[in-house]
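Asks: Numbering (our numbering), first residue to last: 105 to 550.
Ideal Cβ placement from N, Cα and C applies to all residues, glycine included.
As the structure is a computational prediction, the values presented were derived from the model and not from experiment.
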């Protein structure tokens, strides 16, 4: 019966999804079915659940979600948007460019795609429509830019990828063929995400420029104003310091990513209560409710996906998939192309965190056999899955932007397709040029 385990796992998972079950139920149900077939004690599922949610790095998840929610309430995100608008200045499609820059800034403190889309979209979509931008395009550029929230560190998916991959050793065949592999850590992933995030943002800025030029979307001003920029920076100095303190502390080794999330919360409370004086008790309660809901949802997915992944590894299913794939081709470029295409497809239907937890045990052995650095693999996986935030039918950012902008999802999808295309091209560039991901970590000693 063990030979049918892959069919039971994947078949049960897909069947439950088609029946409309939540992804947590689909993963847990398929894993439980496999446990029954293997005649294993179901209490092992509970033990896996406890172990999966008791890791120290995972404490960063609720803390970063709470920090992002509090920063919006404390006026930090609004000031970051003001700085982005001033920097965009006379650039064609200036407000679209400002949206990309604002998502870049906010991504450095939120770690979440939908949270970044919501925080920036609340300010930028109305601003763009007032300046005669097409409402669907304003929503589309915001949805596309929101995906930067999971690439620019600190990133919740990077934390989850690190947790899923840290216990996985390279296969002996890979070590024999390529020698030792570079180490993987969550701080290293954070450092590695900086340049790919900037490259992904550059792709969005380029596409926004061409579309805006064609549609006649002008800049915000005739030229850059030094006095306006200084004023925006003066008003937003505490907002700019937030990502600087968080990332600087991680890269300098002063605190871990988990500890940095607590620092972010404390910093936001101080700024919101005593500097900006905009943080109200009602907003704090709302932020806590939001954090509880998001964290609970993610943790349920985490423990069922961990049980699902554990079964895959125990039954050597990832190794079999890697072997089958490598018999088709050993060309790393072709393998990367197949992996990216597959991830783009998965991102259309599956939540990012669940996809990472399910696919890491399958993908890492394959990529180890091509000699790929695990940190580089993590960055490519996260960059590719970030596109899923703007591709239907799941496309969480599209629905967030639609709710804020009041435009139909169908119209936004049409306008977002050019951004999907340019981001896919950029992902291939990041995959085929590993130094885009690995140069900065090597520079700082990882």
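1. I need the boundaries of the alpha helix (DSSP H) containing residue 328, first residue and last residue.
2. Buried or exposed for residue 431, going by 16 or more other Cβ atoms inside 10 Å?
3. Note down the Cα distance separating residue 255 from residue 119, rounded to an integer number of angstroms.
4. Which class does residue 195 belong to by DSSP, given the choice of helix, strand or coil?
5. Going by CA-CA distance only, name the one from 548, 400, 126, 114 that's closest to residue 357.
6. Using CA atoms only, rank isn't needed, just tell me which of 275, 502, 533, 483 is closest to residue 221.
7. Provide the residue span of the alpha helix (DSSP H) that contains residue 537, from first to last.
8. Taking the continuous alpha helix (DSSP H) assigned at residue 480, which residues delimit it?
9. Please confirm if the segment 316-325 is in contact with the segment 189-208, defined as three or more CB-CB distances below 8 Å between the two stretches.
10. For residue 113 and residue 414, what's the separation of their Cα atoms in angstroms?
11. Can you tell me whether residue 151 is helix, strand or coil according to DSSP?
12. Given a cut-off of 8 Å, decide if residue 303 and residue 249 are closer than it, judged by their beta-carbon atoms.
13. Give me the residue from 347, 293, 365 with the minimum Cα distance to residue 635.
14. How about residue 479 and residue 292: are their beta carbons less than 8 Å apart?
15. Quick test of your reading: residue 210 and residue 184, contact by CB under 8 Å. State the CB separation rounded to the nearest angstrom.
16. From the DSSP output, in three-state form, read off residue 235 for me.
17. Nearest CA to the CA of residue 232: which residue from 224, 242, 223?
18. Since residue 294 contacts residue 460 with CB under 8 Å, what's their CB separation in whole angstroms?
Replies: Taking the coordinates as given:
1. Unbroken run through residue 328: none, as it is neither H nor E.
2. exposed
3. 32 Å
4. coil
5. 548
6. 502
7. Here residue 537 belongs to no alpha helix (DSSP H), and DSSP marks it neither H nor E.
8. Following the DSSP letters along the chain, one finds residue 480 inside the alpha helix (DSSP H) bounded by residues 478-491.
9. yes
10. 12 Å
11. DSSP places residue 151 in helix when its eight states are reduced to three.
12. Their beta carbons are not under 8 Å apart, which means residue 249 does not touch residue 303 by this criterion.
13. Past the boundaries of the shown model lies residue 635; the chain is included only from 105 to 550, so the question cannot be answered.
14. yes
15. 6 Å
16. In the structure shown, residue 235 sits in coil (DSSP, three-state: anything other than H, G, I, E or B).
17. Taking only the C-alpha atoms, the option nearest residue 232 is 242.
18. 15 Å between Cβ atoms; not a contact.
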